[in-house]
Amino acid sequence: MPTPKQLQGAGLGLRRALMGPFAAQLPDQVDFLEVAPENWINVGGRWGK
5 MPTPKQLQGA GLGLRRALMG PFAAQLPDQV DFLEVAPENW INVGGRWGK
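Residue numbers (the numbering used here): 5 to 53.
Spelled out as structure tokens, the structure:
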């Protein structure tokens, strides 16, 4: 089991303000990118009110 000193990856909550900088500086390799559309439209997904 990894310890905190053996961090293998990190998560980032993608916000609209980050889209421009992210698109302008795409890394050569991305291991995993998850896009959750319910966070981007007014449906609200499972937890929507």
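The beta carbon of each residue, even a glycine, is placed where N, CA and C say it ideally should be.
- Using a Cβ distance threshold of 9 Å, Val-39 and Leu-18 count as a contacting pair.
- Only residues of its own chain outside the window of five on either side were considered, and among them none has a CB closer than 8 Å to the CB of Leu-37.
- One thing to note: Leu-22 has its Cβ within 9 Å of the Cβ of Leu-16.
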